[in-house]
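A.B. asks: Can you keep this structure in mind? I'll have questions shortly.
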Amino acid sequence: MKEIYLAGGCFWGMQKFLDGADGVIQTRVGYANGPFLHPAYSDVKRGSGHAETCKVVFDESVLPLGELLARFLEVIDPFAVNKQGEDEGVQYRTGIYFVDPDDEAVARERIGALEARYGKKSAVEVMPLSGFSEAEEYHQKYLEKNPEGYCHIKCAFKR
Numbered sequence: 370m371k372e373i374y375l376a377g378g379c380f381w382g383m384q385k386f387l388d389g390a391d392g393v394i395q396t397r398v399g400y401a402n403g404p405f406l407h408p409a410y411s412d413v414k415r416g417s418g419h420a421e422t423c424k425v426v427f428d429e430s431v432l433p434l435g436e437l438l439a440r441f442l443e444v445i446d447p448f449a450v451n452k453q454g455e456d457e458g459v460q461y462r463t464g465i466y467f468v469d470p471d472d473e474a475v476a477r478e479r480i481g482a483l484e485a486r487y488g489k490k491s492a493v494e495v496m497p498l499s500g501f502s503e504a505e506e507y508h509q510k511y512l513e514k515n516p517e518g519y520c521h522i523k524c525a526f527k528r
């Protein structure tokens, strides 16, 4: 099993989208790459500097990292800065945060291909994970608990 952390705007839709992928074993939403551990949602909403992020544990023999990242990049706006859908703020920035240093090359390759395809620089951060704190329990699997909840990822609802 491998793990990667993906920030793609509001974490509710990202979690629902990723949970539907063959090869994804587990997801948990939380706050990553901020200045301190264990922020509350209220801290994040006030601009603490954390990104709403989805931890993804996956079986790379079923879903290679490159394919997982390609799917991720298809459901976000990789050129938007601190914004996805109707959500705006630093917590909604996009990022690929890795724990395995070998994953950096795969992520940079995917981002490079995207930038070459569109002829512009991506806003997706690619960097090592610098702290991850799980979000409050009511955020976990939020769209399963609240099917009418807002989601900027329209394909999260298509299975």
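This note's numbering numbers the first residue of the sequence shown as 370 and each following residue consecutively.
Glycine included, C-beta positions come from ideal geometry on N, C-alpha and C.
Could you say which of 423, 492, 470 and 374 lies nearest to residue 480 if we only look at CA atoms?
C.D. replies: Residue numbering aside, residue 480 sits at position 111 when the sequence shown is read from its first letter. Checked all of 423, 492, 470 and 374; the closest Cα to residue 480 is 492.
A.B. asks: Based on the DSSP secondary-structure assignment, which residues constitute the bridge partners of residue 509?
C.D. replies: To locate residue 509, count along the sequence shown from 1; it is residue 140. Its beta-bridge partners do not exist; DSSP assigns none.
A.B. asks: Among 392, 404 and 409, which residue has its Cα nearest to the Cα of residue 398?
C.D. replies: Counting from one through the sequence shown, the residue named residue 398 turns up at place 29. Closest option to residue 398, Cα to Cα, is 409.
A.B. asks: Taking contact to mean 3 or more Cβ pairs, one atom from each stretch, closer than 8 Å, check whether the region 419 to 430 and the region 472 to 486 are in contact.
C.D. replies: Cβ pair count under 8 Å is below three, so no.
A.B. asks: Determine contact between the region 434 to 443 and the region 452 to 461, defined as no fewer than three beta-carbon pairs at a distance below 8 Å.
C.D. replies: no
A.B. asks: Going along the chain, which unbroken runs of the beta strand (DSSP E) with 3 or more residues stay wholly within the region 461 to 488?
C.D. replies: Complete beta strand (DSSP E) runs here, min 3: 463 to 467.
A.B. asks: Give the range of the alpha helix (DSSP H) segment to which residue 415 is assigned.
C.D. replies: One-based indexing of the sequence shown puts residue 415 at position 46. Taken as a continuous stretch (DSSP letters only), residue 415 belongs to no alpha helix (DSSP H), as it is neither H nor E.
A.B. asks: Under the three-state reduction of DSSP, which class applies to residue 452: helix, strand or coil?
C.D. replies: Against the sequence shown, residue 452 aligns to sequence position 83. In the three-state scheme derived from DSSP, where H, G and I count as helix and E and B as strand, residue 452 is classed as strand.
A.B. asks: Does the beta-carbon distance from residue 432 to residue 392 come in below 8 Å?
C.D. replies: Counting from 1 along the sequence shown, the entry for residue 432 is found at position 63. Counting from 1 along the sequence shown, the entry for residue 392 is found at position 23. The answer is yes: Cβ separation under 8 Å.
A.B. asks: Among 389, 375, 400 and 383, which one has its Cα closest to the Cα of residue 505?
C.D. replies: For the purposes of this step, residue 505 is taken as residue 136 along the sequence shown, with counting starting at 1. For the residues 389, 375, 400 and 383, the minimum Cα distance to residue 505 belongs to 400.
A.B. asks: Using the beta-carbon count (16 or more within 10 Å), is residue 375 buried or exposed?
C.D. replies: Your numbering for residue 375 matches position 6 in the sequence shown. When all chains shown are included, residue 375 counts as buried.
A.B. asks: Which same chain residues, not among the five before or five after residue 518, have their C-beta less than 8 Å away from its C-beta?
C.D. replies: Against the sequence shown, residue 518 aligns to sequence position 149. Counting only Cβ-Cβ distances below 8 Å, and skipping sequence neighbours, we find 381, 511 and 512.
A.B. asks: Is residue 428 buried or exposed, if buried means 16 or more other CB atoms sit within 10 Å of its CB?
C.D. replies: As a working mapping, residue 428 is identified with position 59 in the sequence shown. Exposed.
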